[in-house]
Structure formats: structure tokens, C-alpha cells
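A.B. asks:
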Amino acid sequence: MDQSAKNAIQIENLSVNYRHTRALQNVCLNVPEGEFLGIIGPNGGGKSTLLKAILGLVPPASGKIEIFGEERKKNQAVIGYVPQFSTVDRTFPISAQEVVLTAFLKGPLHPFFRYKEEHRRAASAALERVGIENLASRQISELSGGEFQRLLIVRALATEPKILLLDEPTASVDPASREHIYELLTEINKSVTIVMVTHDLMAIASEVTSIACLNQTLVYHGGPQLDEKTVNAMYGCPVDLIAHGVPHRVLGRHDHDCRGGREDEEC
Ligand code: ADP
Ligand code: MG
């Protein structure tokens, strides 16, 4: 990566607490503009919390987050967000196009509210960009898991963000849709910096430009090659090597503390 490239996201010594739980501790992470970063880690490792902290949905206990060199403001339009599938109510009676339109909502709704014509046009353009304009009038309860996930990506892109954050976008979709979503993200990555939380290590190896492994602290941040050196550096994060055709093995205990960030990262 070009060292002179601008950082889309710069996180310094970030700690986040929920009442009695420390979710993140002293996380330092730079995401250069144009990067496709995959975040992996065990359940409860703080992955969703990191995305929420970048979005300003949870406050840091300490540390700081900068977006394109500026202090992050709440609801910054420059960031699009695809929340974890399980947190979305798919029985809600709303059409696909209306879901995309909600991206333009600011503040509470009032009676007789109407979306602006320009927002309707932008929503249609976003649906077309992802090739699901034919689904515009469908109720979301009538979409397959893969279609719904693509719809959430469309919604996140509707405001033309420069950064896209995705929380496990392939967790509830079939393998064909998963491939489709990765192709879509690779295309989007030509103009948008992407940070994606995933359990899908196939994606990590073949699609992303770097990976970070979170287990309360940043255990690893570097290249996506899942060779022995990388896997050893990621000790503390689940790495399923069977999926890659590499002989399965059980990692032994490590004597040294291999926490830490990227070697070239200052913090
Ligand atoms: P991950 O996405 O990696 O599974 P999370 O960021 O969701 O992890 O959670 C990190 C830790 O913070 C976990 O211990 C979790 O139980 C806790 N946590 C997450 N959200 C909340 C919340 N709203 N209130 C209290 N604790 C929370
Ligand atoms: Mg999560």
C-alpha cells in the first residue's frame, strides 16, 4: 500500500466499555483510502462494537477516531453502514424501494411526510447499480436472504458514501448469493473504502486487501495470505484452515504475547 495514501479511517488507542464490559481495549488501526479490510475474530471479540464506534453509535471510553483526517462527527454521511442481518426485522411491512429511501431520512417523521423526488431518483439509481431494480416494489418479507442482503448494501450506498462498513454481510445467505455479494463488493471497492466484519475466511483470503483480527485488542493487522506465519500471528482468532485446502491442525499454546498491530503502524 502506498505509504502516502490518505487514511480513510484512523483509530488511535480506542477503548470502549459497556457498563461492566470492556469491549475494546487500546485498538490502533489505520485503514488507507481504497482498502478492502476484512475483520475477523471470535464472538464477543468487539467486531460490531468497532463498527459502531466508527459510526459514532457508541462513545469511546478513551482514544480517538478520525475520518479522512478529521474528527468523526455523528451520522457522518461519508460512511455507509450495513448492519448485522439478525438485527433487522424482516416482517416489517415495507417495500424494497422504501427501505432504500430510509437512507435519506433525517430526524423524526411527521404526518403526510413525502420523500423528495431527487431522493426517489437516487434510490432507483442505487437499486439499478446493484441490479435489483426489478425488486423495487416487493415487500421485504418476500425477498430471499441474498436479495435482502443486497438491498441493505443498496441502502448503504444510496447516499454515495466514501466508506462502507458491513457487519457479517454473508452470514445468512446461500453460497451463490455469497459469491454475488463478494463480486458486488469488489466492484464497489473501486471507488469506496470497505471495512467488512465476516466469519467467511474464504472471502478474507480471496477478496480483501488486508485483514484485522479482533479479540478485544487488535491481535493482527496485515496481509490476507493465510500462511503459517499469518496464522501464528493470529493466535487468539479462530482460523479454520480446512476451508482453504490446507491440512487441518490444532494450534498449540503460544508462550509469547503476539498481540499488536501491523508492523508498520505507529500508535
Ligand atoms: P462481536 O461483534 O465481535 O461478536 P460485540 O462488539 O457485539 O462483539 O460485543 C463485544 C462485547 O461487548 C461482548 O462481550 C458483548 O457481550 C458486549 N456488548 C455488546 N453490545 C453490548 C451492549 N449493548 N450492552 C452491553 N454489552 C454489550
Ligand atoms: Mg457482531
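Residue numbers (this note's numbering): 2 to 268. Don't be surprised by glycine CBs; every beta carbon is placed ideally from N, CA and C. Note that the coordinates shown come from a computational prediction; the quantities given were computed from them, not determined experimentally.
#1: What are the partner residues of Asn31, as DSSP defines its beta bridges?
#2: Quick check for students: name the residue ranges of the beta strand (DSSP E) that lie wholly in the region 33-101, counting only runs of 3 or more.
#3: Taking just the CA atoms, how far does Met235 sit from Ala54?
#4: In terms of residue numbering, what span does the beta strand (DSSP E) encompassing Gly223 cover?
#5: For Arg179 and Asn27, I'd like the C-alpha separation in whole angstroms.
#6: Tell me whether Arg20 is buried or exposed, calling it buried when 16 or more other Cβ atoms sit within 10 Å of its Cβ.
#7: Between Phe149 and Glu129, what straight-line distance do the alpha-carbon atoms span, to the nearest angstrom?
#8: Considering Cα atoms alone, identify which of Leu30, Thr231, Phe86 is closest to Val174.
#9: Could you tell me whether the region 98-114 touches the region 56-74, using the rule of 3 or more Cβ pairs below 8 Å?
#10: Is the Cβ-Cβ distance between Ala172 and Gly81 less than 8 Å?
#11: Out of Pro109, Asn14, Ala97, Pro33, which has the shortest C-alpha to C-alpha gap to Gly223?
#12: Output the distance between the C-alpha atoms of Gly39 and Phe113, rounded to the nearest integer angstrom.
#13: Is Gly39 near the ligand ADP, judged by its Cβ being under 7 Å from some heavy atom?
#14: Ignore the nearest five residues each way along the sequence and tell me which others in Pro162's own chain have a CB closer than 6 Å to its CB.
#15: Curious, which full-length alpha helix (DSSP H) runs of at least 4 residues does the region 122-172 contain?
#16: Put Val232 into one of helix, strand or coil per three-state DSSP.
#17: Report yes or no: is there a C-beta of chain B within less than 8 Å of the C-beta of Leu110?
#18: Suppose you measure from the CA of Val100 to the CA of Leu152; what does that come to, to the nearest Å?
C.D. replies: By the coordinates alone:
#1: Sequence index remark: in the sequence shown, residue 31 carries index 30 (1-based). Note: Asn31 is bridge-paired with Gln11 in the DSSP secondary-structure output.
#2: DSSP runs (the beta strand (DSSP E)) wholly in the region 33-101: 37-41, 63-68, 80-83.
#3: The residue given as residue 54 occupies position 53 in the sequence shown. The residue given as residue 235 occupies position 234 in the sequence shown. The alpha-carbon atoms of Ala54 and Met235 are separated by roughly 23 Å.
#4: The count along the sequence shown starts at 1 and reaches residue 223 at position 222. Boundaries of the beta strand (DSSP E) harbouring Gly223: 218-223, taken from the DSSP string.
#5: Walking along the sequence shown from the start, residue 179 turns up at place 178. Walking along the sequence shown from the start, residue 27 turns up at place 26. Their Cα atoms are separated by approximately 33 Å.
#6: Working through the sequence shown from its first residue, we reach residue 20 at position 19. By the 10 Å Cβ count, Arg20 comes out exposed.
#7: As a first step, residue 149 is located in the sequence shown; it is residue number 148 there, counting from the start. As a first step, residue 129 is located in the sequence shown; it is residue number 128 there, counting from the start. Distance from the CA of Phe149 to the CA of Glu129, rounded to the nearest whole angstrom, comes to 15 Å.
#8: For the purposes of this step, residue 174 is taken as residue 173 along the sequence shown, with counting starting at 1. Answer by Cα proximity: Phe86.
#9: Judged by Cβ distances under 8 Å, the region 98-114 makes no contact with the region 56-74, as fewer than three pairs qualify.
#10: Working through the sequence shown from its first residue, we reach residue 172 at position 171. Working through the sequence shown from its first residue, we reach residue 81 at position 80. No.
#11: The sequence position of residue 223 within the sequence shown is 222, counting from 1. For the residues Pro109, Asn14, Ala97, Pro33, the minimum Cα distance to Gly223 belongs to Pro33.
#12: Residue mapping note: residue 39 aligns to position 38 of the sequence shown, counting from 1. Residue mapping note: residue 113 aligns to position 112 of the sequence shown, counting from 1. Rounded to whole angstroms, Gly39 and Phe113 show a C-alpha spacing of 42 Å.
#13: Position 38 of the sequence shown, counted from the start, is the residue given in the question as residue 39. Incorrect: Gly39 has no Cβ contact closer than 7 Å to the ligand ADP.
#14: Along the sequence shown, one-based indexing puts residue 162 at 161. Once the five neighbours on either side are set aside, the close Cβ partners of Pro162 are Val79, Ile80, Gly81.
#15: If only uninterrupted alpha helix (DSSP H) runs of at least 4 residues are considered, those enclosed by the region 122-172 are 146-158.
#16: Sequence index remark: in the sequence shown, residue 232 carries index 231 (1-based). The answer is helix: DSSP assigns Val232 an H, G or I state.
#17: Checking the listed chains, one finds no chain B in this structure; it contains a single protein chain.
#18: In the sequence shown, residue 100 corresponds to position 99, counting from 1. In the sequence shown, residue 152 corresponds to position 151, counting from 1. Each residue's Cα considered, the two are about 8 Å apart.
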